[in-house]
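Protein sequence lines correspond, in order, to chains S and D. In case it helps, numbering that gives the first Met the number 0 puts the first sequence at residues 0 to 247. In case it helps, numbering that gives the first Met the number 0 puts the second sequence at residues 0 to 386. Cβ atoms here follow ideal geometry from the backbone N, Cα and C, with glycine treated the same way. The structure presented is a predicted model; accordingly, all values stated were derived computationally and were not measured.
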Amino acid sequence: MSGEQAIFCEGIAKTYGEGEAAVKALRGIDFTANFGEIVALVGPSGCGKTTLISIFAAILSRSSGALQLAGVDPDAMTNQDRTIFRREKVGFIFQQFNLVPQISVVENVAIPLFLRGENRSEALDRAEKLLTEVGLHNRAHSRPSKLSGGQQQRVAIARSLIHEPSILVCDEPTSALDGATGQRVMELIREQGRRPDRIVVLVTHDERIYHFADRIAHMDDGLITRIVTSDVELAALQAVAFEKGKIK
Amino acid sequence: MRLIALKMLFGDSAKFYGILLGLTFATLLITQQAAIFVGLMSRTYALIEETPQADLWVTDPTMQFVDDTKPMQVTALDRVRSVTGIEWASPLFKGLLVAKLPNGGRQICDVIGVDDATLIGAPAILLQGKVEDLRKTDAIFIESRGAAKQLLQPLTADKNGPKRPMQVGDELELNERRAIIAGIAETRPSFQNVPTIYTTYLRAVGFAPANRRTLSLILVKALPGQNLLELQKRIQTQTGLTAYTPAEFSWKTLDYWMTQTGIPINFGMAIVLGFLVGVAIAGQMFYNFTLDNLRYFGAMKAMGATSRQLLNMVAVQGLAAGVLGLGLGLGATALFGLMIPGDRLAFKLTWHLPIISTFAVIVIVLGASGLSMWKVIRLDPKEVFNG
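Laid out in structure tokens, this is it:
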């Protein structure tokens, strides 16, 4: 599966509203990503990152253009089928974790399986195993509020992976964390998330985690302006830092 | 996901207890006030229920309710007795008289005078004495509540000293005439909540101030197999009086109190207040609970939860809160009814009232859940990417 096209988009546009009030959020995105990759979408606020990741997560329809996610066009599906597609094929990591505070950590991790109607005890067993893999086995029955930010994001990572999705979308996964914790969370995403049959799409402002991506797509004003590998990006960032005197 | 929904509800203890308190309090207010209203209203026709022997109650046509005595001439009894299809017809006196007590006190009493010959209309349950004792000279029966409350007698010369209930053998005066207590009866409390005195019809007429018209009511028993509706019509046609079945007379009495007094409005307002308390506290808290959890519902929607699954979760939460609140509220109402003595407070928890309360709670929960569901349905999963 690795190397096969996971995301294909050509001329993707998205317009909110109509007439004079219309806002063009995306103005023709051409982008391809393969399974096995980690791709970062970066750019200033309002450049269309959230809109694009929402389209990649099959929760938002495009206005025009061609799109294939894991070989299918989500806009050709009924709403019900799109929901099932997300449930089966997409994993989510949110900026604010979105762990349900009233239930235990292990139940939070098992939610995607509960949504699929899987047997409760089997789902909880799988969730516990995954929590072991992210190093939180001993906190399985704690409430999320008892965990640190980093631990909560690790729980969210486990939740995003429990149903073995083909597309893992991560929305600012480190923005609510300090630098060191953010690095550890990204290491975990890379360790646990990267699979030959999975694409990881990352939206971030955090330059410190750019190097975890294989490729970085820079966006501005609804367009992808350039796509570079992380080596090139890192070199460019270092050059900028050198110019600003941060590196000597 | 239902278990998750319940855990979400129970896990937010501040809101859960708020919702529960609101629903419990609303149920308690609605059911308790309605039970007191029903209890109070049922007291208005207590005499009719206490006199089950009669198939028909014959009254002056202008009589509006059972206590609205419009005395008829005694000849009315003979006119009724002459109507075919009647097994027997008995006179009944009913009137408020002032009793002078042995300690010099005065107390208004409801005097019921029953047929001298048959004693039809006498109380069915006697705690002391026998029905026949009513035939003794100057004999009266008093009911136990009045004997133990309004008619209490001091044990010593000190009026403020210890007191005892009136008992068999005690004497009192009705309109300057001696009356001797020959029995203590147990009867249902009346709406007026004054002591009830039973005696014979002629003795009651003697106690009452002189009046040409002394016949308050006529109790009629139909011959076996007699069509009551036809008999009613015959009595009305031939005597010019009105004949009611016990059910009709009870309803007529109830209708008077319902339409001619402000009592239903007062209780209705309390019940509406209970409903509004439910809406204001429980409804709003439930809605806020959903709003607080909207981001988690949104995350679930993004992760592939169908609208149906999410609505199911909200419905389960609403149902759980509703059932628990209703159960606690009804339990508290029943406890209230058990703790308050029946003679002090009219309280009648009929089977209709829990149904009405259930309906009210359903409306509150449906309203709150409906608003919450509307928010959940309209929830855009894309919002979860906005931090």
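Determine, using beta-carbon pairs with one atom in the segment 54-63 of chain S and one in the segment 215-224 of chain S, whether at least three such pairs fall under 8 Å.
Touching, no.
In angstroms with no decimal places, state the Cα-to-Cα distance between residue 131 of chain S and residue 89 of chain S.
As a position in the first sequence, residue 131 of chain S is number 132, starting the count at 1. As a position in the first sequence, residue 89 of chain S is number 90, starting the count at 1. Each residue's Cα considered, the two are about 22 Å apart.
May I ask which residues mark the beginning and end of the beta strand (DSSP E) holding residue 218 of chain S?
Against the first sequence, residue 218 of chain S aligns to sequence position 219. Per DSSP, residue 218 of chain S belongs to the beta strand (DSSP E) from 214-219.
Taking just the CA atoms, how far does residue 22 of chain S sit from residue 16 of chain S?
The sequence position of residue 16 of chain S within the first sequence is 17, counting from 1. The sequence position of residue 22 of chain S within the first sequence is 23, counting from 1. Spanning the two alpha carbons is a distance of roughly 6 Å.
Per DSSP, what kind of secondary structure is residue 26 of chain S in: helix, strand or coil?
Looking up residue 26 of chain S in the first sequence gives position 27. Reduced to three states, the DSSP call for residue 26 of chain S is strand.
Starting from residue 177 of chain D, trace the beta strand (DSSP E) both ways and give me its first and last residue.
Numbered from its first residue, the second sequence carries residue 177 of chain D at position 178. Per DSSP, residue 177 of chain D belongs to the beta strand (DSSP E) from 176-185.
Is the CB of residue 105 of chain S under 8 Å away from at least one CB in chain D?
The residue labelled residue 105 of chain S in the question sits at position 106 within the first sequence. Not one chain D Cβ lies under 8 Å of residue 105 of chain S.
For residue 171 of chain D and residue 206 of chain D, I'd like the C-alpha separation in whole angstroms.
By 1-based counting over the second sequence, the position of residue 171 of chain D is 172. By 1-based counting over the second sequence, the position of residue 206 of chain D is 207. If I take the Cα positions, the gap works out to 12 Å.
Under a CB-based cut-off of 8 Å, is residue 91 of chain S close to chain D?
The residue given as residue 91 of chain S occupies position 92 in the first sequence. Yes - at least one Cβ of chain D is within 8 Å of the one on residue 91 of chain S.
Taking only the alpha-carbon atoms, compute the straight-line gap between residue 9 of chain D and residue 165 of chain D and give it to the nearest angstrom.
Sequence index remark: in the second sequence, residue 9 of chain D carries index 10 (1-based). Sequence index remark: in the second sequence, residue 165 of chain D carries index 166 (1-based). Using only the alpha carbons, I get a separation of about 57 Å.
Would you call the CB atoms of residue 364 of chain D and residue 320 of chain D closer than 8 Å?
Locating residue 364 of chain D in the second sequence gives position 365, where the first residue counts as 1. Locating residue 320 of chain D in the second sequence gives position 321, where the first residue counts as 1. For residue 364 of chain D and residue 320 of chain D, yes; Cβs fall inside 8 Å.
Going along the chain, which residues of the segment 137-169 of chain S sit with their C-beta nearer than 7 Å to a C-beta in chain D?
Listed by position along the chain: nothing, the set is empty.
Evaluate residue 36 of chain S with the Cβ neighbour count: other Cβ atoms within 10 Å of its Cβ, from every protein chain shown; 16 or more gives buried, anything less gives exposed.
Position 37 of the first sequence, counted from the first residue, corresponds to residue 36 of chain S. Residue 36 of chain S comes out buried.
Pull up the CB-CB distance for residue 198 of chain S and residue 6 of chain S, whole angstroms please, since I reckon it's below 8 Å.
Looking up residue 198 of chain S in the first sequence gives position 199. Looking up residue 6 of chain S in the first sequence gives position 7. Confirmed, about 6 Å.
Are the CB atoms of residue 173 of chain D and residue 91 of chain D nearer to each other than 8 Å?
As a working mapping, residue 173 of chain D is identified with position 174 in the second sequence. As a working mapping, residue 91 of chain D is identified with position 92 in the second sequence. Taking 8 Å as the Cβ cut-off, residue 173 of chain D and residue 91 of chain D do not qualify as a contacting pair.
Taking the alpha-carbon positions, what's the residue 110 of chain D to residue 335 of chain D distance?
Taking the second sequence and counting its residues from 1, one reaches residue 110 of chain D at position 111. Taking the second sequence and counting its residues from 1, one reaches residue 335 of chain D at position 336. Distance between the alpha carbons of residue 110 of chain D and residue 335 of chain D: 32 Å.
Note down the Cα distance separating residue 266 of chain D from residue 31 of chain D, rounded to an integer number of angstroms.
Working through the second sequence from its first residue, we reach residue 266 of chain D at position 267. Working through the second sequence from its first residue, we reach residue 31 of chain D at position 32. Residue 266 of chain D and residue 31 of chain D: Cα-Cα distance of roughly 10 Å.
Please report the straight-line C-alpha distance between residue 105 of chain D and residue 348 of chain D, rounded to a whole angstrom.
Taking the first residue of the second sequence as 1, we reach residue 105 of chain D at position 106. Taking the first residue of the second sequence as 1, we reach residue 348 of chain D at position 349. Near 35 Å, if we compare the C-alpha coordinates of residue 348 of chain D and residue 105 of chain D.
Between the segment 0-32 of chain D and chain B, which residues of the former have CB atoms less than 7 Å from a CB of the latter, in chain order?
Absent from the structure is chain B; the protein chains it does hold are S and D.
From residue 186 of chain D to residue 13 of chain D, what does the alpha carbon distance come to, in whole angstroms?
Taking the second sequence and counting its residues from 1, one reaches residue 186 of chain D at position 187. Taking the second sequence and counting its residues from 1, one reaches residue 13 of chain D at position 14. Residue 186 of chain D and residue 13 of chain D: Cα-Cα distance of roughly 48 Å.
Kindly list, in the order they appear in chain D, the residues whose Cβ is closer than 7 Å to that of residue 53 of chain S.
Counting from 1 along the first sequence, the entry for residue 53 of chain S is found at position 54. The answer, in chain order, is 381 and 384.
List, in chain order, every chain D residue whose beta-carbon is nearer than 9 Å to that of residue 7 of chain S.
Here residue 7 of chain S refers to the residue found at position 8 of the first sequence. Going along chain D, no residue has its Cβ under 9 Å from residue 7 of chain S, so there is no contact; the nearest lies around 21 Å.
Given this structure, state the Cα-to-Cα distance separating residue 206 of chain S from residue 384 of chain D, to the nearest angstrom.
Residue mapping note: residue 206 of chain S aligns to position 207 of the first sequence, counting from 1. Residue mapping note: residue 384 of chain D aligns to position 385 of the second sequence, counting from 1. Rounded to whole angstroms, residue 206 of chain S to residue 384 of chain D spans 19 Å at the Cα level.
Pull up the DSSP beta-bridge partners for residue 90 of chain D, would you.
Walking along the second sequence from the start, residue 90 of chain D turns up at place 91. In the DSSP output, where bridge partners are listed per residue, residue 90 of chain D has D:217.
In whole angstroms, what is the alpha-carbon distance linking residue 225 of chain S and residue 8 of chain S?
As a first step, residue 225 of chain S must be located in the first sequence, where it is residue number 226. As a first step, residue 8 of chain S must be located in the first sequence, where it is residue number 9. Residue 225 of chain S and residue 8 of chain S: Cα-Cα distance of roughly 15 Å.
Tell me which same chain residues have a C-beta within less than 6 Å of the C-beta of residue 4 of chain D, skipping the five on either side of it?
Residue mapping note: residue 4 of chain D aligns to position 5 of the second sequence, counting from 1. For residue 4 of chain D, where only same-chain residues beyond five positions count, the Cβ hits under 6 Å are 312, 315 and 316.
What residues from chain S crowd round residue 308 of chain D, counting only those whose CB sits closer than 7 Å?
Residue mapping note: residue 308 of chain D aligns to position 309 of the second sequence, counting from 1. Under the 7 Å cutoff, chain S gives 114.
Using a C-beta to C-beta distance shorter than 8 Å, which residues of chain S count as neighbours of residue 305 of chain D?
Indexing the second sequence from 1 puts residue 305 of chain D at position 306. The answer, in chain order, is 79 and 82.
Please report the straight-line C-alpha distance between residue 135 of chain D and residue 333 of chain D, rounded to a whole angstrom.
As a working mapping, residue 135 of chain D is identified with position 136 in the second sequence. As a working mapping, residue 333 of chain D is identified with position 334 in the second sequence. Distance between the alpha carbons of residue 135 of chain D and residue 333 of chain D: 44 Å.
Less than 8 Å between CB atoms is the rule here; does residue 377 of chain D satisfy it with respect to chain S?
The residue you call residue 377 of chain D lines up with position 378 of the second sequence. Cβ-Cβ to chain S under 8 Å: no for residue 377 of chain D.
Which chain D residues sit within Cβ distance under 8 Å of residue 102 of chain S?
Here residue 102 of chain S refers to the residue found at position 103 of the first sequence. Per Cβ cutoff of 8 Å: 3, 6, 7 and 10.
Report the option in D:230, D:244 and D:245 whose CA atom is closest to the CA atom of residue 238 of chain D.
The residue you call residue 238 of chain D lines up with position 239 of the second sequence. Comparing Cα-Cα distances from residue 238 of chain D to each of D:230, D:244 and D:245, the minimum goes to D:230.
What whole-angstrom Cβ distance do residue 38 of chain D and residue 345 of chain D have, given they're in contact under 8 Å?
The residue labelled residue 38 of chain D in the question sits at position 39 within the second sequence. The residue labelled residue 345 of chain D in the question sits at position 346 within the second sequence. About 3 Å separates the two Cβ atoms, so the contact holds.
Please check the pair residue 188 of chain S and residue 172 of chain S, which I expect to be a contact at CB under 8 Å, by giving their CB distance rounded to whole angstroms.
Start at 1 with the first residue of the first sequence, and residue 188 of chain S comes out as number 189. Start at 1 with the first residue of the first sequence, and residue 172 of chain S comes out as number 173. So it is a contact: roughly 7 Å between Cβ atoms.
Rounded to whole angstroms, what is the Cα-Cα separation between residue 17 of chain D and residue 280 of chain D?
Position 18 of the second sequence, counted from the start, is the residue given in the question as residue 17 of chain D. Position 281 of the second sequence, counted from the start, is the residue given in the question as residue 280 of chain D. One C-alpha to the other measures close to 7 Å.
Pick helix, strand or coil for residue 21 of chain D, following the three-state DSSP scheme.
Reading the second sequence from its first residue, position 22 is the one you call residue 21 of chain D. Three-state result, residue 21 of chain D: helix.
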